[in-house]
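Below: one structure, written as structure tokens.
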Amino acid sequence: RAYLALRSSFFRSQRGRIALQYGGIIDRLARIDISETDVMLGITDDVLLNGKRLSMKHSTQAYWTDQLAESEVDLICGGSNKVSNSAEQISFRSWWPKPAAWAQASVNVGWWTAQCEEWFKRWVTQITEANGKILRPKEWKSLLTRDRVANGCVAGHEKIAGSIVESLFP
């Protein structure tokens with residue numbers, strides 16, 4: 245419950261709506277707490293300090309967009325560090341997969357699909373019924389990873405999409 249309250253509080257802050265730009269599981273979790281009017285507020289006041297500079301090819305003009313800090317992504321995913329019994333190792337675990345793991349998920353095709361929503365609802369049910377557990381990055385990867393054929397298909401689609409964008413906006 246403390247995690248849910250903290251996550252909700254973050255999403256309701258000025259920086260919370262940045263999560264909507266991330267897509268995937270980060271975006272889906274954000275949509276629980278962020279209203280449509282919050283989305284319209286634009287960039288944060290600290291975009292030049294914590295944001296990401298976007299440059300256009302063949303242009304001296306640059307644009308800035310907000311970016312989440314790694315600690316904010318960890319908070320959204322319900323992450324925590326666990327110290328081993330011998331206190332020699334620390335391992336990260338989270339209730340939700342981080343963006344890198346979600347990017348390899350079999351249900352992730354680049355946008356939020358009905359299959360993504362089904363997976364999301366199943367995982368929420370497992371967590372609320374105490375069947376879900378906090379997982380390490382390797383466990384998330386194993387749970388969500390596509391097979392090689394699917395990875396090749398996605399890579400091919402990304403390459404074609406990149407070529408189209410490049411030809412339209414040289």
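If you read the sequence shown in my numbering, its first letter stands for residue 245, the second for the next number, and so on.
Ideal Cβ placement from N, Cα and C applies to all residues, glycine included.
The structure presented is a predicted model; accordingly, all values stated were derived computationally and were not measured.
For the pair of segments examined, the stretch 266-285 was found to touch the stretch 332-350: the number of CB pairs separated by less than 8 Å reaches three. For isoleucine 320, the enclosing alpha helix (DSSP H) starts and ends at 314-320. Residues Arg261 of the same chain have their beta carbon placed closer than 6 Å to that of aspartate 282, with the five preceding and five following residues left out of the count. Taking each of Val291, Arg251, Arg297 in turn and checking the Cα distance to isoleucine 278, the smallest one comes out for Arg251. Within the model, the alpha-carbon separation for aspartate 289 versus leucine 248 is close to 26 Å. If you ignore the 5 residues before and after glutamine 348, its C-beta comes within less than 7 Å of the C-beta of Lys385, Leu388, Thr389, Arg390, all in its own chain and listed in chain order. Per DSSP, tyrosine 247 is one residue of the alpha helix (DSSP H) stretching across 246-255.
Alanine 274: member of the alpha helix (DSSP H) spanning 268-274, first to last residue. The beta strand (DSSP E) runs lying completely inside the stretch 278-319 and spanning 3 residues or more are 296-299, 306-309, given in chain order.
Pairing alanine 358 with glutamate 332, the inter-Cα distance amounts to about 43 Å. When secondary structure is reduced to three states using DSSP, alanine 347 falls in the helix class.
Within the same chain, Cβ atoms closer than 8 Å to the Cβ of tryptophan 355 are found at Gly267, the five residues on either side in sequence being excluded. Residues of the same chain with a CB within less than 6 Å of the CB of aspartate 310, apart from the 5 flanking positions on each side, are Ile262, Ile287, Thr288, Val291, Gly295 in chain order.
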